[in-house]
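Colleague:
Residue numbers (our numbering), protein chains in the order written: chain A, 1 to 859; chain B, 860 to 982.
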């Protein structure tokens with residue numbers, strides 16, 4: 001029977017009150033009569049019948065309510081539209097922001113047991129995350145006990161030939177353990193086994209599904225065919241499935257990483273990235289302790305390379321998206337602010353609505369409508385509005401996500417773009433529904449009690465003080481949240497401005513760049529390489545309109561690394577923060593072509609030959625570091641194993657991008673590079689010219705094709721793009737926050753306007769009396785306007801304090817703009833003032849037009 | 860009580876009646892009954908074929924109360940038969956008129972069926 005009573009509880013309250021005891025009595029009797037075998041049938045029948053009719057009873061009521069709600073909303077289109085719009089903005093902003101944040105920060109990476117994947121680095125003094133040398137990797141792998149599996153990889157790029165045109169593609173060298181570790185099961189063919197990584201094994205490669213589809217025409221026979229990477233023929237042994245992306249979304253080709261005896265000699269040659277899976281049940285701290293012991297032993301055993309070198313263990317998830325994390329969190333915070341504001345606005349609207357229809361409710365209650373029933377109707381109305389708003393919001397989010405997708409770092413190993421996922425939609429739906437019901441119940445509760453009689457008598461003065469106070473609190477919250485958003489947006493804007501103002505140190509305008517990376521297989525010969533550079537530069541210089549051209553290892557901002565220890569004669573060669581410099585090999589005239597100011601001496605010239613005096617051009621900070629107060633010319637130091645003489649000093653440039661300070665720079669003649677240093681061979685061609693890139697590129701292409709038909713050209717672009725890219729992501733993110741700030745402002749204005757209009761209506765009689773007693777129109781306007789200002793001030797002051805705290809939290813991305821930046825705060829306060837005045841204008845105008853006589857008569 | 864149903868409907872506006880409603884009206888035509896009595900009466904008159912579930916019955920009664928087809932009556936049967944907990948329902952004049960109209964409508968349909976030879980019988 002208890003079960004049946006529970007079923008009865010499912011019926012609407014009104015029905016229960018009337019019939020529950022009847023039904024219970026009937027069922028008791030039926031059960032008595034249906035003794036024995038009929039009992040089961042009785043239970044089944046009764047359960048089905050009650051369940052069905054409970055639902056039908058609710059459905060009946062819902063239909064009535066929906067009809068009623070539809071009629072009442074059509075009568076108040078302004079109210080309905082505002083409420084739907086407010087909800088749509090709140091839900092839309094959040095669904096979009098959370099979808100992207102979830103994608104970048106939370107979602108598990110698409111690898112098996114991804115929650116146990118870690119990245120391993122060695123930690124020499126000053127560099128917490130440095131790649132491993134092959135020998136150290138081997139020793140860590142052999143000696144550690146906390147890892148289930150460990151694999152190494154390193155990224156590179158290779159010239160691909162054998163297809164219709166030569167191309168430069170992203171390639172990753174992977175140890176045989178790596179693909180199994182990542183659960184990459186081939187779509188076709190096989191993946192690498194340990195034999196493929198043996199020195200002297202047949203050359204093989206594995207390609208991505210995208211590469212197989214786009215470049216190989218999805219041919220089933222592609223496996224087994226041969227392509228050349230950097231001139232070396234390799235057999236395609238497998239195709240990895242479409243969802244697999246590692247180490248990032250751009251990688252198309254994987255080749256085996258071979259660690260032969262020669263590579264295991266130099267422990268200072270750090271180029272392996274290492275991925276590992278913790279054993280089940282092992283904590284990351286245990287893994288850290290494990291590696292710390294091993295690193296300590298290696299440091300004592302091989303002090304030359306490993307002195308002071310520890311180990312860093314980091315979750316793979318955390319190794320991505322560090323950079324975008326803060327800004328993304330700021331975005332999430334901003335959209336939460338919007339949600340808060342939207343809720344406050346909605347609550348305020350519902351309150352006003354409840355107040356406006358109080359007399360209607362009281363009349364209906366007096367006519368016998370149950371209180372539960374009235375509240376239920378109010379809840380239905382709110383739910384209808386919120387549901388409409390929620391749906392519109394999801395449409396907003398679906399439209400916004402592609403824009404937000406630009407915030408997703410390219411380095412993430414996730415294949416598909418972010419989408420509005422089910423969890424976010426579900427959460428948004430539940431959150432809005434709960435909010436709506438809470439608001440509706442809170443605001444609908446007063447249609448009862450003694451209050452009713454007063455309303456019926458017509459003595460109502462527009463609601464009660466408690467409700468007004470609640471609305472004012474809501475509004476203050478709204479203003480506070482808007483202020484936080486605006487200040488954050490303002491500070492981020494100032495930061496972008498600052499970044500854009502940074503002088504990169506070289507001349508950006510009128511220069512064009514293209515990359516021709518020479519394959520080691522064909523250009524190992526020094527003369528061959530020197531001739532290539534000489535011929536290309538001569539050919540390009542002959543193009544009419546070209547003023548200068550030169551090659552470098554890698555352009556600033558494109559590469560931040562390639563850092564070497566460099567110290568004057570006599571200093572020990574220990575890699576530390578204090579004695580490293582970024583090393584670039586350049587052809588003659590590079591300094592002038594890039595427009596870097598030459599301070600003293602000369603730059604790299606044709607006179608710097610192989611076998612002659614080894615020379616270097618250094619940046620001012622390098623000279624100042626090692627020979628303070630002197631001009632540095634003629635001094636000697638050792639870098640990359642050679643002793644060099646300083647022949648020129650140039651200004652410093654921003655190698656690592658506009659936002660980061662860079663190590664001092666060293667420019668070494670391309671003609672004095674060892675052929676073993678393939679990674680440092682000049683590959684970026686810079687051309688200074690008055691021609692447009694579109695006019696220049698085909699001519700450069702023709703020139704190079706005439707010299708080496710198989711040599712691909714990649715990444716053609718103007719230097720200005722290179723620099724503007726530096727602020728692009730930041731700009732996108734800031735634009736997002738600014739848009740959210742603007743939305744917040746609009747919502748706050750709507751809120752202020754709504755509350756003041758309501759207050760003016762509610763106090764029309766009072767205003768009439770005041771004017772009848774001699775108050776001037778202007779004093780009435782002042783009264784309303786000052787009310788508006790007070791409302792804004794009540795929110796703005798706590799808002800400013802919160803802003804300061806928020807700004808401190810995101811200090812790292814503010815690029816030196818102080819969290820208490822006066823200009824920003826003053827601007828935001830000014831905006832608030834304007835908003836208060838705009839919001840108060842119409843209500844004040846209406847207040848001034850109150851007719852005292854009419855008001856007093858109507859009382 | 861629902862505020863939109865305060866206005867009394869006409870018998871015509873309620874036709875055709877849901878079968879369950881008609882059965883309840885018929886059961887009450889022979890005298891006031893409580894819910895359980897209605898169930899028993901309906902079952903008896905349909906030779907046990909129609910057994911109203913409690914949910915079906917009381918939701919119908921609720922609607923019939925709102926429509927004004929039946930009322931709750933304070934008159935009680937003789938004490939011996941009375942069950943203190945029960946509510947008794949009685950047909951209203953509107954209920955009687957509606958039941959008659961529905962019966963006539965059904966009879967007309969039978970006649971139509973006979974005339975067209977769908978069922979055997981006199982025209």
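Ideal Cβ placement from N, Cα and C applies to all residues, glycine included. Since this is a predicted model, take the numbers as computed values, not measurements.
By the three-class DSSP mapping on this structure, what secondary structure does residue 593 of chain A have?
Modeller: Residue state, collapsed to three classes: helix.
Colleague: Roughly how many whole angstroms lie between the Cα atoms of residue 708 of chain A and residue 279 of chain A?
Modeller: Using only the alpha carbons, I get a separation of about 51 Å.
Colleague: Kindly provide the ranges of any beta strand (DSSP E) runs that are 3 or more residues long and lie completely inside the stretch 53–80 of chain A, ordered along the chain.
Modeller: As far as the stretch 53–80 of chain A is concerned, it has no whole beta strand (DSSP E) run of at least 3 residues.
Colleague: Confirm, please, whether the CB-CB distance from residue 947 of chain B to residue 19 of chain A is below 7 Å.
Modeller: No; because the gap between Cβ atoms is not below 7 Å, this pair is not in contact.
Colleague: Mapping DSSP to helix, strand and coil, what is residue 654 of chain A?
Modeller: Three-state DSSP puts residue 654 of chain A in coil, outside helix and strand.
Colleague: So if I threshold CB-CB distances at 7 Å, which residues from the stretch 911–936 of chain B count as touching chain A?
Modeller: Answer in chain order: 912, 913, 914, 915, 917, 918, 921.
Colleague: From the beta carbon of residue 948 of chain B, is the nearest beta carbon of chain A less than 7 Å away?
Modeller: No, residue 948 of chain B lies away from the interface with chain A (no Cβ there is under 7 Å from its Cβ).
Colleague: Closer than 6 Å by C-beta to residue 7 of chain A: which residues in its own chain qualify, once you throw out the five before and the five after it? Chain order, please.
Modeller: Same-chain partners within the cutoff: 50.
Colleague: List the endpoints of the continuous beta strand (DSSP E) containing residue 159 of chain A.
Modeller: Run containing residue 159 of chain A: 147–161, per the beta strand (DSSP E) assignment.
Colleague: For chain B, check one thing: does any of its Cβ atoms lie closer than 7 Å to the Cβ of residue 448 of chain A?
Modeller: Any reading at residue 448 of chain A needs caution, since the residue's pLDDT is 47, under 50, leaving its predicted position unreliable; the model's value is listed next. No - not a single Cβ of chain B is within 7 Å of the one on residue 448 of chain A.
Colleague: Would you give the residue range spanned by the beta strand (DSSP E) that residue 930 of chain B belongs to?
Modeller: Here the beta strand (DSSP E) through residue 930 of chain B covers 929–932.
Colleague: Within the same chain, show all residues whose beta-carbon is closer than 8 Å to that of residue 99 of chain A, passing over the 5 residues directly before and after it, in chain order.
Modeller: Excluding positions up to five away in sequence, the list reads 397, 401, 404, 418, 419, 420, 421, 424.
Colleague: Assuming residue 517 of chain A and residue 168 of chain A form a contact by the criterion Cβ under 8 Å, report the distance between their Cβ atoms to the nearest whole angstrom.
Modeller: Contact holds; Cβ gap of about 6 Å.
Colleague: Go through its chain and collect everything with a Cβ distance to residue 250 of chain A's Cβ below 6 Å, but skip five positions before and after it.
Modeller: 170, listed in sequence order.
Colleague: Please list, in chain order, the residues of the stretch 27–47 of chain A that have any C-beta partner in chain B closer than 9 Å.
Modeller: Flagged, chain order: 27, 29, 30, 45, 46.
Colleague: Counting Cβ pairs, one atom from each stretch, are 3 or more of them under 8 Å apart for the stretch 676–689 of chain A and the stretch 618–632 of chain A?
Modeller: Output reads no: the stretch 618–632 of chain A does not touch the stretch 676–689 of chain A.
Colleague: Can you list, in chain order, the residues of its chain with a C-beta nearer than 6 Å to that of residue 524 of chain A? Leave out the 5 residues immediately preceding and following it.
Modeller: 675, listed in sequence order.
Colleague: For residue 53 of chain A, would you say it is in contact with chain B, using Cβ-to-Cβ distances shorter than 7 Å as the test?
Modeller: Yes, residue 53 of chain A lies at the interface with chain B (some Cβ there is under 7 Å from its Cβ).
Colleague: What is the residue span of the beta strand (DSSP E) that residue 289 of chain A lies within?
Modeller: Premise fails: residue 289 of chain A lies in the alpha helix (DSSP H), 284–301, not in any beta strand (DSSP E).
Colleague: Consider the Cβ of residue 894 of chain B: report whether some Cβ of chain A lies at a distance smaller than 7 Å.
Modeller: Yes - at least one Cβ of chain A is within 7 Å of the one on residue 894 of chain B.
Colleague: So, is the C-beta of residue 57 of chain A closer than 7 Å to a C-beta in chain B?
Modeller: Yes, its Cβ sits closer than 7 Å to a Cβ of chain B.
Colleague: Apply the 10 Å Cβ neighbour rule to residue 605 of chain A and answer buried if 16 or more other Cβ atoms are within range, or exposed otherwise.
Modeller: By the neighbour-count rule (16 or more Cβ atoms within 10 Å), residue 605 of chain A is not buried but exposed.
Colleague: Do we get a CB-CB distance below 7 Å when we pair residue 375 of chain A with the residues of chain B?
Modeller: Not one chain B Cβ lies under 7 Å of residue 375 of chain A.
Colleague: Under a CB-based cut-off of 7 Å, is residue 50 of chain A close to chain B?
Modeller: It does: the Cβ of residue 50 of chain A has a partner Cβ on chain B nearer than 7 Å.
Colleague: Does the beta carbon of residue 842 of chain A come closer than 7 Å to any beta carbon on chain C?
Modeller: The chain inventory of the structure shown lacks chain C, comprising the protein chains A and B.
Colleague: Out of B:911, B:928, B:922, which has the shortest C-alpha to C-alpha gap to residue 26 of chain A?
Modeller: Checked all of B:911, B:928, B:922; the closest Cα to residue 26 of chain A is B:911.
Colleague: Mind checking whether residue 231 of chain A and residue 519 of chain A have CB atoms under 7 Å apart?
Modeller: The answer is yes: Cβ separation under 7 Å.
Colleague: What does DSSP give as the partner residue(s) for residue 946 of chain B in the beta ladder?
Modeller: Residue 946 of chain B pairs with nothing; no bridge assigned.
Colleague: So, do the stretch 719–735 of chain A and the stretch 88–95 of chain A have three or more beta carbon pairs nearer to each other than 8 Å?
Modeller: No, the stretch 719–735 of chain A does not touch the stretch 88–95 of chain A.
Colleague: With a threshold of 6 Å, establish whether the CB of residue 342 of chain A neighbours any heavy atom of the ligand MN.
Modeller: No copy of the ligand MN appears in this structure; indeed no ligand is present at all.
Colleague: Would you grab the beta carbon distance between residue 659 of chain A and residue 815 of chain A for me? Rounded to a whole angstrom, and I think it's under 8 Å.
Modeller: So it is a contact: roughly 6 Å between Cβ atoms.
Colleague: With a cut-off of 8 Å, do at least 3 Cβ pairs link the stretch 773–792 of chain A to the stretch 496–508 of chain A?
Modeller: With a cut-off of 8 Å, the stretch 496–508 of chain A and the stretch 773–792 of chain A do not count as touching, because too few Cβ pairs lie within range.
Colleague: Of the residues A:138, A:282, A:34, A:21, which one's Cα is nearest the Cα of residue 893 of chain B?
Modeller: If we check each option's Cα against that of residue 893 of chain B, A:21 comes out closest.
Colleague: Just to confirm the assignment, what range does the alpha helix (DSSP H) spanning residue 901 of chain A have?
Modeller: Here chain A has residues from 1 to 859 only, and residue 901 of chain A is not among them.
Colleague: Do residue 236 of chain A and residue 223 of chain A have their beta-carbon atoms positioned less than 7 Å apart in this structure?
Modeller: Yes, the pair counts as a contact, with Cβ atoms nearer than the cut-off.
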